[in-house]
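Encoded as structure tokens, the structure appears first; notes follow it.
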Amino acid sequence: MLIMQALSPKTSLLEQEKYRESILQDETRMDRVCGIAESL
Amino acid sequence: MNPSCRIAVCIPAYRESSLLRNTLENYTIHQVTSDRKPLDPELFEINILINSPHRNSVRDIVMLEVIEEFCADYPQYHINVAEVVYDFPDKAVMGLIFKDIADAVIHRNLSRDVTDEEKSRLILRTAGADVEALNPLLLSRTLGIFADTTIVAHRGETRLPPQLLESFPLLHVMQTFAVYLLRQFKGNQTTNGPFSYTAEAYAAVDGFDPNMKISEEVDLANRIFMYSRESEEDLIFFCDDVKDVINNPRRQVHALFGGIGMAGRYRDFGTLQNEEKVHNMSLSWRDICSELLPDSCLLTPENLSREVSGYYRTYLRIAVGKKIPLETIDVIFGRWFELCRITEYSTHRSSFMCDNHIEIHHID
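Residue numbers (this note's numbering), protein chains in the order written: chain A, 27 to 66; chain B, 56 to 419.
Here is the structure:
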């Protein structure tokens, strides 16, 4: 139960971390996104 | 990203110098709490992505000056700016532009020094730079709504300026019709206009579709809605009818004045010639008054038939593509006529798509 709660999409970061991983694996996308993130 | 930031507003902007100042004011100095005090600037940030669709596009210095001037006038707000030059072979691809700025915000969110729970509950709001007016309670209301951790997205109502609709009845009727059709075919969550969503829900559906030239927000809203519905966590895409946004009506006005028709207003979206004409309407729509409307823009059976027929062909095409019985389209259109008390009309179907039309004989 506690484990389920920890993984709940309401409070977990799993999806964002997975998503960022997919950005970082694509070199072109990573360059652009990181470039924008640094400027912001 | 500042540690207290709860809402990241993301605004892509291209040649919006005439409207951007008003948009920024609406998202900052006009935002208040329920007891009418200014909303704490630490609770949100505005991210502007100045984008040029082609390598040879001229850098918009005026827009940069507008932002600089605003930041000098109101240094308490977090206004962040990035510039990107794309190299689209043809029209701008809005899905990619929105995805880039939202993805950059996710990247920054994960790098900031706050608890995982706070990172998971960051709210994103992707919007246009052509806001006419915002509900002054929009951001504080958004914070209140998302305090319920089962809510992953929220959409209020987006409207056109009431003073324009009063003097332009054909636009009023067609705008209502366009929203009715979206609601009937796709559901409340996809009616046009910006909406807010958690960073976690955005990531869960893989963000914006980078291949969508237009309707990228409708598509994202649909996928977040499906995600909430299929989750085992009872997640909610919350929709209400509170008026949150009044948008600049330039695209609709251009479509009706230019004879393109409301249904075709995004057909040439992103082409230089079309955008030039749309931008010229950014402020001039304010001069419209009922006495000066051209004949083609009056609320007559002929003009209404022309406009409704444009949507009829669009939705017949969708029905063919999605293998929906064509009678469904007739039923949905018929229901709207009933709601408007239009009883004298006839539907003409043809095997040639361009010949399909609806003729309205009389408006009461």
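Even for Gly, the Cβ is constructed at its ideal location relative to N, Cα and C.
Opposing strand residues paired with residue i [DSSP bridges]
i	result
B:Tyr400	B:Ile415
B:Leu179	B:Ala63, B:Tyr252
B:Ser107	B:Val140
B:Ala318	Its beta-bridge partners do not exist; DSSP assigns none.
B:Arg214	B:Ile301
B:Ile409	Ile is not the amino acid found at residue 409 of chain B; the sequence shown has Cys there. For B:Cys409, which the question treats as bridged, DSSP gives no partner whatsoever.
B:Pro93	B:Val87
B:Ile206	B:Ile291
B:Asn277	B:Asn277 pairs with nothing; no bridge assigned.
B:Glu100	B:Ala63, B:His133
N-terminal and C-terminal residue of the alpha helix (DSSP H) that residue i is part of
i	result
B:Leu311	305 to 312
B:Ala63	From DSSP, B:Ala63 is part of no alpha helix (DSSP H) but of the beta strand (DSSP E) over 62 to 68.
B:Phe388	381 to 394
B:Cys126	116 to 128
B:Gly199	193 to 200
B:Ser72	72 to 82
A:Thr54	53 to 65
B:Phe153	149 to 166
B:Ile269	Counting along the chain, B:Ile269 falls outside any alpha helix (DSSP H), and DSSP gives it neither H nor E.
B:Ile51	What the structure shows of chain B is the stretch from 56 to 419, and residue 51 of chain B is not part of that stretch, so it cannot be assessed.
B:Val228	224 to 241
B:Lys332	327 to 339
Neighbouring residues, chain A, relative to residue i (Cβ below 8 Å)
i	result
B:Val139	Arg58, Gly61, Ile62
B:Arg163	Ala63, Leu66
B:Val136	Ser65, Leu66
B:Lys174	Leu39, Gln42
B:Ile156	Ile62
B:Gly242	Within 8 Å Cβ-Cβ: nothing; B:Gly242 doesn't reach chain A, min ~21 Å.
B:Gly262	Tyr45
B:Asp419	Near B:Asp419 there are no residues of chain A at all, since even the closest Cβ is about 51 Å away, more than 8 Å.
B:Ala254	Gln42
Residue-level contact to chain E via CB, residue i, 7 Å cutoff
i	result
A:Gln51	Annotation note: the requested chain E is absent from the structure, which comprises protein chains A and B.
Assumed close pair residue i, residue j - CB separation to whole angstroms, cut-off 8 Å
i	j	result
B:Leu225	B:Asn358	6 Å
B:Thr78	B:Ala159	At roughly 19 Å, the Cβ-Cβ gap does not stay under 8 Å, so B:Thr78 and B:Ala159 are not in contact.
B:Tyr366	B:Phe232	7 Å
B:Pro249	B:Val333	In fact, because the Cβ distance is near 18 Å, the residues do not count as touching under 8 Å.
B:Ile66	B:Asn102	7 Å
B:Ile384	B:Leu394	So it is not a contact: roughly 16 Å between Cβ atoms.
B:Leu198	B:Ile62	7 Å
B:Leu104	B:Ile156	4 Å
B:Cys352	B:Phe223	7 Å
B:Val136	B:Ile122	6 Å
B:Ile387	B:Ile415	Actually they do not touch by this definition, with Cβ atoms about 16 Å apart.
Amino acids of chain B, ordered along the chain, whose beta-carbon sits closer than 8 Å to that of residue i
i	result
A:Glu47	Those within 8 Å of A:Glu47 in chain B number zero; the least Cβ separation is about 10 Å.
Delimiting residues of the beta strand (DSSP E) encompassing residue i
i	result
B:His133	133 to 140
B:Ala184	Run containing B:Ala184: none; DSSP gives neither H nor E here.
Listed by chain order, chain A residues near residue i by CB distance under 7 Å
i	result
B:Ala159	Val59, Ile62, Ala63, Leu66
B:Glu330	Correct list: empty, because the minimum Cβ distance to chain A is about 23 Å.
B:Asn277	The premise fails here: B:Asn277 is roughly 18 Å from chain A at the closest Cβ pair, so nothing lies under 7 Å.
B:Leu104	Ile62
B:Asp171	Leu39
Chain-ordered neighbours of residue i on chain A, where CB pairs are closer than 9 Å
i	result
B:Leu179	None at all; the shortest Cβ gap to chain A is about 11 Å.
B:Leu236	Going along chain A, no residue has its Cβ under 9 Å from B:Leu236, so there is no contact; the nearest lies around 32 Å.
Check whether the region 311 to 329 of chain B and the region 356 to 367 of chain B are in contact - that is, three or more C-beta pairs closer than 8 Å.
yes
Determine, using beta-carbon pairs with one atom in the region 272 to 286 of chain B and one in the region 234 to 246 of chain B, whether at least three such pairs fall under 8 Å.
yes
Counting Cβ pairs, one atom from each stretch, are 3 or more of them under 8 Å apart for the region 47 to 64 of chain A and the region 81 to 89 of chain B?
no
Check whether the region 297 to 309 of chain B and the region 255 to 269 of chain B are in contact - that is, three or more C-beta pairs closer than 8 Å.
no
Would you call the region 93 to 112 of chain B and the region 189 to 196 of chain B touching, i.e. three or more CB-CB distances under 8 Å?
yes
Three or more C-beta pairs below 8 Å linking the region 284 to 299 of chain B and the region 340 to 359 of chain B
no
Just checking, does the region 254 to 266 of chain B make contact with the region 371 to 380 of chain B on the three C-beta pairs under 8 Å criterion?
no
Tell me, please, whether the region 64 to 79 of chain B touches the region 39 to 52 of chain A by the rule of three or more beta-carbon pairs shorter than 8 Å.
no
Is it the case that the region 137 to 144 of chain B contacts the region 97 to 116 of chain B, given that we only count it when at least three CB pairs across the two stretches are under 8 Å?
yes
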